[in-house]
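Novice: If you count by numbering that gives the first Met the number 0, then the sequence shown holds residues 0 to 267, one letter each, in order.
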Amino acid sequence: MIDTHCHLDVPRFDADREEVLSRAWAAGVTGMVVPAIGPDSWEALLEWPRRDARVQVGLGIHPQLLPELNPADDDTHLATLDELLGRGGAVAVGECGLDGPSETGAPMERQLRVFDAHLQLAVKHGLPLLVHCYRAHPHLIRYLKDHPIPPAGLLMHSYSGSADLTPKYVSAGCHFSLAGPVSFLEARRPIEALKVIPVDRLMAETDAPDQAPHPHRGTRNEPAHLPLVIDAMERALNQPLRDVLLANTHRFFKAWKSPSPHRGEGLG
Numbered sequence: 000m001i002d003t004h005c006h007l008d009v010p011r012f013d014a015d016r017e018e019v020l021s022r023a024w025a026a027g028v029t030g031m032v033v034p035a036i037g038p039d040s041w042e043a044l045l046e047w048p049r050r051d052a053r054v055q056v057g058l059g060i061h062p063q064l065l066p067e068l069n070p071a072d073d074d075t076h077l078a079t080l081d082e083l084l085g086r087g088g089a090v091a092v093g094e095c096g097l098d099g100p101s102e103t104g105a106p107m108e109r110q111l112r113v114f115d116a117h118l119q120l121a122v123k124h125g126l127p128l129l130v131h132c133y134r135a136h137p138h139l140i141r142y143l144k145d146h147p148i149p150p151a152g153l154l155m156h157s158y159s160g161s162a163d164l165t166p167k168y169v170s171a172g173c174h175f176s177l178a179g180p181v182s183f184l185e186a187r188r189p190i191e192a193l194k195v196i197p198v199d200r201l202m203a204e205t206d207a208p209d210q211a212p213h214p215h216r217g218t219r220n221e222p223a224h225l226p227l228v229i230d231a232m233e234r235a236l237n238q239p240l241r242d243v244l245l246a247n248t249h250r251f252f253k254a255w256k257s258p259s260p261h262r263g264e265g266l267g
């Protein structure tokens, strides 16, 4: 199992990060992708895969972070991102994307400009794009009508779109990663969407420390909970998924090999 999206670099894990990782490996997680949320973490994240090849990283700017960043610095941050991606070491561009209207959010025009820059960087560097979209699906659908996804792919992280919207993303060539909400007792929307996603486009994630699956909902999430997400997906589709999810993830990220990285050969 590979957790395609978890934020183990955030302060909520500072006190017990190694224990969290140990629990993940013990639970059968064999790899994970830790995507950046902003420029302050980029350099440190690039060091992580050098220490442990099971942990791969993405570099990007989360749309919810934009209000904390001066718009006048956007071009500088994006130029730095371009330079760091050119060094190698990241397996994806992101987390990036669009976030719905709120009193504290960045204007959609700015979000779209920064998102477009991420997509162009993904194309330039031959990397897939990790996309956050919350309450902004109409904006993203309109954007994707005019902008092809990167050749290396686009992954809708913690997919929250409806079953009606999903075919539009499928037609655009997107992949989809589901998180804890698919396991919630009242889960209907994510399950309905799951049922119309082609199985060969599916992946799974925890989005730790957020979105803990049932029965841990409301607590700090961690990658060791990934089996609960996959179990919920298997129940919803009434079919085994672990092997196909692993194959999809390997094919999308091209980041791990088999067997263990500690024998110098990657991981399964």
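The beta carbon of each residue, even a glycine, is placed where N, CA and C say it ideally should be.
With respect to the alpha helix (DSSP H) encompassing H174, which residues constitute its N-terminal and C-terminal limits?
Specialist: The residue you call residue 174 lines up with position 175 of the sequence shown. Looking at the DSSP string, H174 is not in any alpha helix (DSSP H); the run it does join, the beta strand (DSSP E), is H174 to L177.
Novice: Where do the N-terminal and C-terminal ends of the beta strand (DSSP E) with G282 fall, by residue?
Specialist: Outside the shown range of the chain, which is 0 to 267, sits residue 282, and nothing can be said about it.
Novice: Go ahead and pull the three-state DSSP assignment for Y133.
Specialist: Taking the sequence shown and counting its residues from 1, one reaches residue 133 at position 134. Y133 falls in the strand class under three-state DSSP.
Novice: Since I believe H4 is in contact with S34 (beta carbons under 8 angstroms), could you give me their beta-carbon distance rounded to a whole number of angstroms?
Specialist: By 1-based counting over the sequence shown, the position of residue 34 is 35. By 1-based counting over the sequence shown, the position of residue 4 is 5. The residue you asked about is not Ser; residue 34 is Pro in the sequence shown. Going by Cβ atoms, the distance from P34 to H4 rounds to 6 angstroms, so yes, they are a contact pair.
Novice: Could you tell me if R262 is buried or exposed, where buried requires 16 or more neighbouring beta carbons within 10 angstroms of its beta carbon?
Specialist: Translated into positions along the sequence shown, residue 262 becomes position 263. Because the pLDDT at R262 is just 34, under 50, the model does not fix this residue reliably, and the point stays unresolved.
Novice: Note down the Cα distance separating S157 from M202, rounded to an integer number of angstroms.
Specialist: Working through the sequence shown from its first residue, we reach residue 157 at position 158. Working through the sequence shown from its first residue, we reach residue 202 at position 203. Cα-Cα distance, rounded: 10 angstroms.
Novice: Taking 6 angstroms as the limit between beta carbons, can you name the residues of its chain near L139, skipping five residues before and five after?
Specialist: Within the sequence shown, numbered from 1, the residue matching residue 139 stands at position 140. Closer than 6 angstroms at the Cβ level, and outside the excluded window around L139, lie L97 and C132.
Novice: DSSP state of P258, grouped into three classes?
Specialist: In the sequence shown, counting from the first residue as 1, residue 258 sits at position 259. Confidence in P258 is poor, its pLDDT being 42 and thus under 50, which makes the residue's placement unreliable; the coordinate value appears in the next sentence. Coil at P258, not helix or strand.
Novice: By a C-beta neighbour count over all protein chains shown, 10 Å radius and 16 as the cutoff for buried, is N247 buried or exposed?
Specialist: Locating residue 247 in the sequence shown gives position 248, where the first residue counts as 1. So N247 counts as buried.
Novice: What are the boundary residues of the alpha helix (DSSP H) that includes E17?
Specialist: One-based indexing of the sequence shown puts residue 17 at position 18. Per DSSP, E17 belongs to the alpha helix (DSSP H) from R16 to A25.
Novice: G125 and A89 - do their beta-carbons sit closer together than 8 angstroms?
Specialist: By 1-based counting over the sequence shown, the position of residue 89 is 90. By 1-based counting over the sequence shown, the position of residue 125 is 126. Not closer than 8 angstroms, so no.
Novice: Where do the ends of the beta strand (DSSP E) carrying Q55 lie?
Specialist: Mapped onto the sequence shown, residue 55 falls at position 56. Unbroken beta strand (DSSP E) run through Q55: V54 to L58.
Novice: Buried or exposed, going by whether 16 or more other CB atoms sit within 10 Å of the CB of P149?
Specialist: Counting from one through the sequence shown, the residue named residue 149 turns up at place 150. Classification of P149: buried, given that the 10 Å Cβ count is 16 or more.
Novice: In whole angstroms, what separates the C-alpha of M107 from that of A25?
Specialist: Within the sequence shown, residue 107 is the residue found at index 108, counting from 1. Within the sequence shown, residue 25 is the residue found at index 26, counting from 1. Taking the straight line from one Cα to the other gives about 42 angstroms.
Novice: Since V113 and D73 are thought to touch, with beta carbons under 8 angstroms apart, how far apart are those beta carbons, to the nearest angstrom?
Specialist: Position 114 of the sequence shown, counted from the first residue, corresponds to residue 113. Position 74 of the sequence shown, counted from the first residue, corresponds to residue 73. 6 angstroms between Cβ atoms; contact.
Novice: For the putative contact between A178 and T205, defined by C-beta atoms under 8 angstroms, what is the C-beta separation to the nearest angstrom?
Specialist: Locating residue 178 in the sequence shown gives position 179, counting from the first residue. Locating residue 205 in the sequence shown gives position 206, counting from the first residue. Between T205 and A178 the Cβ distance is about 6 angstroms, and since that is below 8 angstroms, they are a contact.
Novice: I need the DSSP call for E94, collapsed to helix, strand or coil.
Specialist: Along the sequence shown, read from residue 1 onward, the residue named residue 94 stands at position 95. Residue state, collapsed to three classes: strand.
Novice: Take every Cβ of the stretch 11-22, pair it with every Cβ of the stretch 78-89, and state whether three or more of those distances are shorter than 8 angstroms.
Specialist: Cβ pair count under 8 angstroms is below three, so no.
Novice: In whole angstroms, give me the CA-to-CA distance for R270 and R86.
Specialist: Outside the shown range of the chain (0 to 267) lies residue 270, about which nothing can therefore be said.
Novice: Pull up the distance between the alpha-carbon of S161 and that of R109, whole angstroms please.
Specialist: Within the sequence shown, numbered from 1, the residue matching residue 161 stands at position 162. Within the sequence shown, numbered from 1, the residue matching residue 109 stands at position 110. Computed Cα separation, rounded: 25 angstroms.
Novice: According to DSSP, simplified to helix, strand and coil, what is A203?
Specialist: Numbered from its first residue, the sequence shown carries residue 203 at position 204. Strand at A203.
Novice: With the cut-off set at 8 angstroms, would you say H279 and P208 are in Cβ contact?
Specialist: Here the chain comprises residues numbered 0 to 267, so residue 279 is not present and cannot be evaluated.
Novice: Excluding the five sequence neighbours on either side, which residues of its own chain have a C-beta within less than 7 angstroms of the C-beta of Y142, listed in chain order?
Specialist: Here residue 142 refers to the residue found at position 143 when the sequence shown is read from its first residue. For Y142, where only same-chain residues beyond five positions count, the Cβ hits under 7 angstroms are L111.
Novice: So, are the CB atoms of M155 and F175 less than 8 angstroms apart?
Specialist: Residue 155 sits at position 156 when you count from the first residue of the sequence shown. Residue 175 sits at position 176 when you count from the first residue of the sequence shown. A contact, by the Cβ cut-off of 8 angstroms.
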